[in-house]
Structure formats: structure tokens, C-alpha cells
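Counting from 1298, one number per residue, gives the positions in the sequence shown under my numbering.
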Amino acid sequence: MPRKNLTANRTTLTHRVRYAARHPDRVPRYLARAGRDAWLRLRHRDHVAYYRAVMRSDCAADPEAAVGSKTHDRWLALGKMQFDYLLEHGLEPGDRMLEIGCGNLRAGWRFIDYLKTGRYYGLDISPDILFAAQDTLIRHGLQDKLPHLTPVRDLTFAFLPDRHFRVVHAHSVFSHSPPDVIDECLAHVGRVLRPDGWFDFTFDRTESEEHHVLREDFYYRTGTLVALAEKHGLTAEFMADWEKLPHGQSKIRVRPGAA
1298 MPRKNLTANR TTLTHRVRYA ARHPDRVPRY LARAGRDAWL RLRHRDHVAY
1348 YRAVMRSDCA ADPEAAVGSK THDRWLALGK MQFDYLLEHG LEPGDRMLEI
1398 GCGNLRAGWR FIDYLKTGRY YGLDISPDIL FAAQDTLIRH GLQDKLPHLT
1448 PVRDLTFAFL PDRHFRVVHA HSVFSHSPPD VIDECLAHVG RVLRPDGWFD
1498 FTFDRTESEE HHVLREDFYY RTGTLVALAE KHGLTAEFMA DWEKLPHGQS
1548 KIRVRPGAA
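Take a look at the structure:
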């Protein structure tokens, strides 16, 4: 199980030196990422445009690695973990589901297969990863399930109807998002949720100082994200049962309405 380091500040020189000493083989890749980060930040001041360019670069090398899976077996395992968790929490075949940051359908293909035809909606800011999602659909023979796969410029969901989804899901999205992007999502997700619906999202958790590595990986305290949700009239719950699963991120569930 990936171990959560909840106290490290990965931006400090001390942490970087110690990490490099423990993992010298990872230094060249980090330096390459840092160089790419500097170049892309000069070209793209807006974070969504910046991360879209990151995904274009990563997808060109390996779409499965672009969504955080180093091997195909790990890609399958992480998708199954997400799928099993939502089934255990009440996802039903007749539900409409919205997946924010659906990527190349690591979990999405399982949801598409399980849900009734046309009930799955996947959004991503990266057209390149959605091309890979089409390949996943073909590989699993799911064309007849008619999923909705849509590239988006932001997380306002303006093109989606009110109270349309019982389940909204975002895995490894807020871990790559600055506060303004998360705030935008939470400001609008309540509109598309049914009154009996919920929104699950994962995040990289810290119990120390909040920080980010380059502009790719963001670490938040639970209370920060709970407060953002409550600011927009949502109730928020830290999902303790998710912590028992072999995944390095944590999970919060939000629902419409006041506590």
C-alpha cells in the first residue's frame, strides 16, 4: 500500500536533497519535468492551458502513464479500485454518472460497461487523453454503450442540465489543481447534482503546510477543501474507509444542501 507522508513539505531544500539521496535514479526525470514546467509556464499563464500542455506531452509518450499508472496491471488495478468503491457505496446501473477528468477511461470503461446505455458522461481538459479514451472503448468493445466523452475548457459544467447526475466522480484531478480551479468546480457541481446525489474526489493530503511541486502536484489539508465545499452550500465528509485501500491519495464526498 502506498504510504501517505502527511508531514513533508516537498518544496524545501532539505526534503529535496534527502529525496535525491534516497532515489538518485529519479533525479534525471525530475529535472526533465522541471525544465518542461518552466517552459510551459512561460507559454501558458492559465493553469488549465498549462496542464493541457502537460497532458499532451505525457500522452505522446504513454497514455496510461499520463494518468499515473506505471504499468498496465497498475492501470487495471486502480480502475477496478475506483469502480468497486462506488459500487459498494450504492452506484446503480440506472444512475447517470459524470466523471471529471476521465482520462483514458482507466475506471471509466468499467463504469460504461456497468451503467445503462448513454448514462456515462466523461469530461477532460485534454483532447489528447480523450483520443486515448476512444481507443479504450474500442479495445473493450463498448461502442454500443454510447458514452458521452467531452473536452472542456473549464469546470463550470455550463453545457450540462440541472440536477442531472446522481454520482459525480473526480479521481486524481484536485491533486493537480490549484485552489481557484477547485473552487470553480465546487461552485458549480452542486447545480448538476441530484438532491440525492454525491460528488467524490480524491486529493493529495498533508497535515502540515500546504504546498505544490512544480505546477503539477498540489497538497492540501482536509479542512481547506471541506471549507471550500461548505462555502458553496455543500456538505463534506472525509471518507475514512477509502484510507484502508492501497492508494496514496485521500477522498472527500460532498452532497448538496446544508448540514
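Built from N, CA and C at the ideal position, the CB exists for glycine as well.
Of the listed residues the options, nearest to residue i (C-alpha basis)
i: residue 1448; options: 1418, 1464, 1505 and 1503; result: 1418
i: residue 1411; options: 1427, 1322 and 1380; result: 1380
i: residue 1548; options: 1470, 1506, 1445 and 1477; result: 1470
i: residue 1543; options: 1310, 1480, 1377 and 1322; result: 1377
i: residue 1480; options: 1460, 1453 and 1375; result: 1453
Cutoff 7 angstroms; reference residue i; Cβ partners in own chain excluding five residues on either side
i: residue 1351; result: 1337 and 1513
i: residue 1464; result: 1383, 1388, 1392, 1394, 1494 and 1495
i: residue 1440; result: 1434
i: residue 1312; result: 1305 and 1306
Sequence-distant residues of the same chain with beta carbon closer than 8 angstroms to residue i, five excluded per side
i: residue 1353; result: 1423 and 1425
i: residue 1413; result: 1390 and 1391
i: residue 1358; result: none
i: residue 1506; result: 1306
Other residues of its chain near residue i: CB distance less than 6 angstroms, five sequence neighbours each side excluded
i: residue 1534; result: 1550
i: residue 1526; result: 1483, 1533 and 1551
i: residue 1405; result: 1396, 1399 and 1419
i: residue 1475; result: 1344
i: residue 1468; result: 1379 and 1499
i: residue 1539; result: 1548
Distance between residue j and residue i (C-alpha atoms, nearest Å)
i: residue 1329; j: residue 1348; result: 16 angstroms
i: residue 1386; j: residue 1393; result: 15 angstroms
i: residue 1435; j: residue 1402; result: 11 angstroms
i: residue 1416; j: residue 1305; result: 41 angstroms
i: residue 1556; j: residue 1371; result: Confidence in residue 1556 is poor, its pLDDT being 43 and thus under 50, which makes the residue's placement too unreliable to answer from.
i: residue 1569; j: residue 1517; result: Within the shown structure, residues of the chain are numbered from 1298 to 1556, placing residue 1569 beyond reach of any answer.
i: residue 1317; j: residue 1528; result: 40 angstroms
i: residue 1460; j: residue 1466; result: 15 angstroms
i: residue 1333; j: residue 1541; result: 35 angstroms
i: residue 1369; j: residue 1444; result: 23 angstroms
i: residue 1442; j: residue 1339; result: 41 angstroms
i: residue 1537; j: residue 1501; result: 14 angstroms
i: residue 1519; j: residue 1421; result: 24 angstroms
i: residue 1314; j: residue 1438; result: 48 angstroms
Contact check, residue i vs residue j, beta carbons under 9 angstroms
i: residue 1427; j: residue 1497; result: no
i: residue 1389; j: residue 1408; result: no
i: residue 1503; j: residue 1472; result: no
i: residue 1485; j: residue 1455; result: yes
i: residue 1462; j: residue 1489; result: yes
i: residue 1458; j: residue 1554; result: no
i: residue 1367; j: residue 1545; result: no
i: residue 1309; j: residue 1509; result: no
i: residue 1373; j: residue 1365; result: no
i: residue 1429; j: residue 1325; result: no
Nearest-angstrom beta carbon gap, residue j and residue i [assumed within contact, 8 angstroms]
i: residue 1344; j: residue 1478; result: 6 angstroms
i: residue 1522; j: residue 1487; result: Contact flag wrong, Cβ pair sits at about 15 angstroms.
i: residue 1346; j: residue 1355; result: Not a contact, Cβ separation roughly 15 angstroms.
i: residue 1511; j: residue 1331; result: 6 angstroms
Residue i: CB within 8 angstroms of a non-hydrogen atom of the ligand GDP
i: residue 1542; result: Of ligands this structure carries none, so the ligand GDP is not represented either.
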